[in-house]
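Chains as they are written, first to last, in the numbering used here: chain G, 521 to 646; chain W, 34 to 531.
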Amino acid sequence: MVRAGLLLGMLLLSLPPGALAASATAGEAGVRRVEALVGEARFREAVREAAALRPGVLALAPSGQSRRLLVRTELAAGTAALALGQEGTARSCFLRALQIEPTLVLSASAPPKVRRVLDALRKGGA
Amino acid sequence: MTDSAPSGIRVAEALAVSSDANHYVPRLALESALAELLEGIGKTPACTALSGEAGLGKTLLLKVLRERLAGAFECLYVPFPRLAPSELWRWAAAALGLGPGEGDRGAVLARAGRLGEEGSGIVLLVDDAGALPPATRHDLLGALDAPGFSLVLAFASDDQPQLSALPAWVRRVELGPPLTLAETRAYVHARLLRADPDGAVSTRLTADQLAAFHEASGGVPAQLHPLLDTWLRSLDEAPPARSEPAAPQEDAVAAAPTGGLQRPVLPESVRIWLDRLSAPGVRFALLGFFALATVVAWYFAWQKGPGVSSVGVPVYEESSAAPEPPAAPAPVPEAAVPPAVSAEPPGEALAPTEPGPEPAEAAPATEATPSSTQRDAAPAAANRARELFGWPLQAPRLPLPGQPEPPVALSSLHFPDEHVPPLVADAPLPAPPAGPRLNVNAAPWAAIDLDGRAIGETPLGELRVAPGPHVVSAKLPDGRVVERRVEVRSGDVYVVFR
């Protein structure tokens with residue numbers, strides 16, 4: 521028992537700072553906030569929140585989770601920009617999402633408006 | 034431990050093989066068998082045959098059953114039934130307090146009948162039922178016709194012929210398999226806790242020893258107890274040092290009469306290595322080393338800054354280190370985008386960012402040349418991107434000064450030309466239109482009509498509307514049409530359809 525505790529303590533002490541779960545949790549909360557703003561039709565606020573959130577998400581330790589957070593941030597920001605008629609900004613966001621996750625697949629309930637832009641980007645025919 | 038009353042021996046005596054119901058430790062197999070036995074009491078057929086491997090606890094189970102039936106039924110436990118019918122009925126009558134007489138069988142069954150009318154009865158719990166003479170067995174089965182009389186027969190696994198001789202209508206209950214390792218652990222700890230509430234002995238039983246005991250006993254409690262007994266008695270013969278409890282216990286296990294019981298644990302070299310790790314000096318040295326390593330790691334992490342955004346992939350903000358920071362270009366209408374070269378509008382993600390020309394003019398990518406800063410930063414950026422996000426980016430081959438930058442095609446998201454185009458910040462949002470604005474969204478989405486006129490699909494934001502009442506109608510994908518009446522005065526109005 522003592523040995524196990526000792527080894528566990530060593531393992532925890534050796535974790536890199538970026539592995540702290542608190543940051544990832546904060547990132548998740550931030551992304552949810554942006555997604556909620558989009559859902560509430562508060563598009564301008566969503567774009568601002570996403571811009572503020574990006575550096576924090578980018579600073580997370582590289583992991584599948586941080587990648588997904590970044591993709592969700594870009595999708596939400598792109599959707600909000602699209603709603604505001606800023607199609608260029610929206611495509612920029614979607615393109616970053618595709619760069620991070622080339623095999624990105626939207627859910628079946630995604631708005632056709634978003635799907636069309638993303639499909640066009642994927643096909644390279646913006 | 035004292036010489037007069039060594040705790041190990043005291044505990045060992047308390048842990049001797051016993052069928053005392055007070056020593057019952059519930060487990061799934063026993064409780065399942067008990068439930069089935071209880072189910073058969075007082076019902077037709079009122080005979081249940083319990084069978085199971087020797088040592089699993091059939092006798093204990095019968096005694097626990099007797100306890101659970103106490104008050105509801107009159108239970109008679111017959112420990113050894115090698116008796117003639119008349120002897121058995123005489124014994125039962127005496128146990129029930131009925132006077133001696135020629136009709137012991139009738140007296141017992143009459144009492145059972147009277148109890149049966151009150152919802153109770155007599156239950157005969159016959160242990161070692163394989164020892165029942167055939168005539169007695171036949172007589173007992175015949176007595177089951179009497180109301181209020183129930184019979185539980187416990188057979189060992191080697192009593193198969195007698196078990197097979199029972200009529201088919203006799204309910205059969207098989208006592209479950211031996212203890213699993215987890216059950217052995219729970220069983221031993223439960224028993225030790227009762228005998229040794231302070232835990233002075235139980236804390237000296239390691240998981241490895243327990244596993245060895247389990248393996249040696251095959252999970253059969255009757256075989257497990259002698260091993261525990263031997264181990265417990267040996268504790269007082271060779272009391273272990275508090276800091277190193279493993280060795281004496283291991284000797285004790287080895288000394289147990291198990292016929293080849295061995296400790297199935299780590300190899301000796303690994304065990305020695307782990308023992309050395311436990312030494313206080315080594316422990317503190319290791320802790321110190323890892324603490325130092327952690328401080329160094331934190332220091333370097335702090336030195337490296339916040340990560341991706343500081344190295345430029347993807348860059349969402351202009352780097353302050355760039356000698357000529359490109360101005361964030363203003364948004365350009367779609368028609369102004371050179372389609373063959375870069376499908377992005379100027380200033381968007383993949384547009385090369387050679388500073389200088391007016392952003393709105395959208396200089397073609399083929400004519401752009403990266404600055405020296407960009408050339409220096411690009412390999413690091415690619416490596417950092419791969420490190421952070423696993424992108425399949427390679428060190429970029431940048432064009433020589435004066436040569437055109439290779440085009441970046443949107444169809445190639447992996448940039449096979451190995452060039453990593455810097456990303457610039459998104460264009461700032463233009464100011465919202467003056468006057469009342471309508472923002473509409475729907476889950477999942479909807480086609481929106483405003484005052485009977487189609488205005489597009491959601492999401493729709495900052496649509497200028499005239500002040501006053503409006504009707505917003507949403508046609509959802511499932512065919513529903515939902516209408517909302519909104520009063521718009523000034524600022525933003527948010528309408529969400531779900």
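Yeah, the Cβ is synthetic: ideal placement off N, Cα and C, and Gly gets one too. Remember, predicted model here, so these are calculated numbers, not experimental data.
Just list the beta strand (DSSP E) runs in the segment 70 to 96 of chain W, keeping only unbroken ones of 3 residues or longer that don't cross its boundaries, in chain order.
Entirely contained in the segment 70 to 96 of chain W, the beta strand (DSSP E) runs reaching 3 residues are, in chain order, 80 to 85.
Looking at the secondary structure, which residues open and close the alpha helix (DSSP H) in which G/Pro-632 lies?
In the first sequence, counting from the first residue as 1, residue 632 of chain G sits at position 112. It spans 632 to 643 - the alpha helix (DSSP H) in which G/Pro-632 sits, taken as one unbroken run.
Considering just the uninterrupted stretch of the alpha helix (DSSP H) at W/Tyr-527, what are its terminal residues?
Looking up residue 527 of chain W in the second sequence gives position 494. Counting along the chain, W/Tyr-527 falls outside any alpha helix (DSSP H), though it belongs to the beta strand (DSSP E) covering 525 to 530.
Count the other C-beta atoms from every protein chain shown that fall within 10 angstroms of the C-beta of W/Ile-305, then say buried if there are 16 or more, exposed otherwise.
In the second sequence, residue 305 of chain W corresponds to position 272, counting from 1. Classification for W/Ile-305: exposed.
W/Glu-490: beta carbon under 7 Å from a heavy atom of the ligand MN?
Questions concerning the ligand MN fall outside what the structure shown contains, since it holds no ligand whatsoever.
Determine, for W/Leu-225, whether the minimum Cβ-Cβ distance to residues of chain G falls below 8 Å.
Counting from 1 along the second sequence, the entry for residue 225 of chain W is found at position 192. Not closer than 8 Å to any Cβ of chain G, the Cβ of W/Leu-225 fails to qualify, so no.
Based on the DSSP secondary-structure assignment, which residues constitute the bridge partners of W/Arg-205?
Residue mapping note: residue 205 of chain W aligns to position 172 of the second sequence, counting from 1. In the DSSP output, where bridge partners are listed per residue, W/Arg-205 has W/Ala-82.
From what residue to what residue does the beta strand (DSSP E) around W/His-503 run?
The residue given as residue 503 of chain W occupies position 470 in the second sequence. Here the beta strand (DSSP E) through W/His-503 covers 501 to 508.
Thinking just about the alpha-carbon of each residue, which of W/Leu-238, W/Asp-178, W/Leu-93, W/Leu-320 is nearest to the one in W/Leu-268?
By 1-based counting over the second sequence, the position of residue 268 of chain W is 235. Answer by Cα proximity: W/Leu-238.
Are any of the Cβ atoms in chain W nearer than 8 Å to that of G/Gln-471?
Here chain G has residues from 521 to 646 only, and residue 471 of chain G is not among them.
Could you tell me whether the segment 116 to 129 of chain W touches the segment 83 to 103 of chain W, where touching means 3 or more Cβ pairs closer than 8 Å?
Contact fails: fewer than three Cβ-Cβ distances are below 8 Å.
Measuring alpha carbon to alpha carbon, tell me which of G/Gly-550, G/Ala-597, G/Leu-638 ends up nearest G/Ser-586.
Translated into the one-based positions of the first sequence, residue 586 of chain G becomes position 66. Among G/Gly-550, G/Ala-597, G/Leu-638, the Cα nearest to that of G/Ser-586 belongs to G/Gly-550.
Flag this pair as yes or no: are the beta carbons of W/Gly-154 and W/Phe-106 separated by less than 8 Å?
Here residue 154 of chain W refers to the residue found at position 121 of the second sequence. Here residue 106 of chain W refers to the residue found at position 73 of the second sequence. Their beta carbons are under 8 Å apart, which means W/Gly-154 touches W/Phe-106 by this criterion.
Contact criterion: CB-CB distance below 8 Å. Does W/Glu-483 meet it with respect to chain G?
One-based indexing of the second sequence puts residue 483 of chain W at position 450. As written in the sequence, residue 483 of chain W is Leu, which differs from the Glu given in the question. It does not; no Cβ of chain G falls within 8 Å.
In whole angstroms, what is the alpha-carbon distance linking W/Pro-210 and W/Val-156?
Sequence index remark: in the second sequence, residue 210 of chain W carries index 177 (1-based). Sequence index remark: in the second sequence, residue 156 of chain W carries index 123 (1-based). Roughly 26 Å separates the two Cα atoms.
Tell me which residue opens and which closes the alpha helix (DSSP H) that G/Arg-574 is part of.
For the purposes of this step, residue 574 of chain G is identified with residue 54 of the first sequence, where counting begins at 1. Here the alpha helix (DSSP H) through G/Arg-574 covers 563 to 578.
When you compare only the Cα positions, how much space is there between W/Pro-112 and W/Asp-241?
Sequence index remark: in the second sequence, residue 112 of chain W carries index 79 (1-based). Sequence index remark: in the second sequence, residue 241 of chain W carries index 208 (1-based). Rounded to the nearest angstrom, the two C-alpha atoms are 37 Å apart.
Under three-state DSSP, which class holds W/Gly-175?
Here residue 175 of chain W is taken as the residue at index 142 of the second sequence, counted from 1. Helix, per DSSP.
Starting from W/Phe-188, follow its DSSP beta bridges and name the residues at the other end.
Residue 188 of chain W sits at position 155 when you count from the first residue of the second sequence. BP columns for W/Phe-188 point to W/Ser-84.
What is the DSSP secondary structure of W/Val-498, counted as helix, strand or coil?
Translated into positions along the second sequence, residue 498 of chain W becomes position 465. Of the three classes helix, strand and coil, the one that applies to W/Val-498 here is coil, per DSSP.
Given that G/Ala-603 touches chain W, what residues does it touch there, using C-beta distances under 9 Å?
By one-based count along the first sequence, residue 603 of chain G stands at place 83. Result: Asn-472, Val-473, Asn-474, Thr-491, Pro-492, Leu-493, Gly-494, Glu-495.
Express the C-alpha separation of G/Ala-628 and W/Glu-514 in angstroms, rounding to a whole number.
Here residue 514 of chain W corresponds to residue number 481 of the second sequence, with the count starting at 1. Here residue 628 of chain G corresponds to residue number 108 of the first sequence, with the count starting at 1. First, the amino acid is wrong: residue 514 of chain W is Val here, not Glu. When rounded, the distance between both Cα atoms is 20 Å.
Below 8 Å, can you find three or more Cβ-Cβ pairs linking the segment 477 to 492 of chain W to the segment 596 to 615 of chain G?
With the cut-off at 8 Å, the segment 477 to 492 of chain W and the segment 596 to 615 of chain G touch.
Assuming G/Val-625 is part of the alpha helix (DSSP H), what are its boundary residues?
The residue given as residue 625 of chain G occupies position 105 in the first sequence. Element bounds for G/Val-625: n/a, residue is neither H nor E.
Identify the contact partners of W/Val-529 in chain G, using a Cβ-Cβ distance below 8 Å as the criterion.
Here residue 529 of chain W is taken as the residue at index 496 of the second sequence, counted from 1. In chain order: Gly-559, Glu-560, Ala-561.
Determine the direct distance from the alpha carbon of W/Ile-74 to that of W/Ala-187, and round the result to whole angstroms.
If you number the second sequence from 1, residue 187 of chain W lands on position 154. If you number the second sequence from 1, residue 74 of chain W lands on position 41. Going from the Cα of W/Ala-187 to the Cα of W/Ile-74 covers about 14 Å.
Under the assumption that W/Leu-496 contacts W/Leu-462 (Cβ atoms under 8 Å), give the Cβ distance between them as a whole number of angstroms.
One-based indexing of the second sequence puts residue 496 of chain W at position 463. One-based indexing of the second sequence puts residue 462 of chain W at position 429. Their Cβ separation, rounded to whole angstroms, is 15 Å, which puts W/Leu-496 and W/Leu-462 out of contact at 8 Å.
Does DSSP put W/Leu-554 in a helix, in a strand, or in coil?
The structure shown does not extend to residue 554 of chain W, since chain W is modelled only from 34 through 531, so no value can be given for it.
Under 8 Å between the Cβ atoms of G/Val-554 and G/Ala-544?
The count along the first sequence starts at 1 and reaches residue 554 of chain G at position 34. The count along the first sequence starts at 1 and reaches residue 544 of chain G at position 24. No, the pair does not count as a contact, with Cβ atoms beyond the cut-off.
Within the 8 Å Cβ cut-off, does G/Thr-623 reach chain W?
Translated into positions along the first sequence, residue 623 of chain G becomes position 103. Judged by the 8 Å Cβ criterion, G/Thr-623 is not in contact with chain W.
Please classify W/Lys-91 as buried or exposed, where buried requires at least 16 neighbouring CB atoms within 10 angstroms.
Looking up residue 91 of chain W in the second sequence gives position 58. Burial call: buried.
Per DSSP, W/Asp-482 forms a beta bridge with which residues?
Within the second sequence, residue 482 of chain W is the residue found at index 449, counting from 1. According to DSSP, W/Asp-482 bridges with W/Ala-487, W/Ser-506.
Would you mind telling me which residues of chain G sit closer than 9 Å to W/Trp-478, beta carbon to beta carbon, in chain order?
Within the second sequence, residue 478 of chain W is the residue found at index 445, counting from 1. Ser-629, Ala-630, Pro-631, Pro-632, Lys-633, Val-634, listed in chain order.
Strictly by DSSP, which residues pair up with W/Cys-108?
Numbered from 1 along the second sequence, position 75 holds the residue referred to as residue 108 of chain W. W/Val-156.
Using CA coordinates, which residue listed in W/His-222, W/Gly-251, W/Lys-76, W/Leu-67 is at the minimum distance from W/Pro-180?
Translated into positions along the second sequence, residue 180 of chain W becomes position 147. Checking every option, the nearest Cα to that of W/Pro-180 belongs to W/Lys-76.
How would you call G/Gln-619, buried or exposed, if buried means at least 16 neighbouring beta carbons within 10 angstroms?
Taking the first sequence and counting its residues from 1, the one referred to as residue 619 of chain G is at position 99. With 16 or more Cβ atoms within 10 Å of its Cβ, G/Gln-619 is classed as buried.
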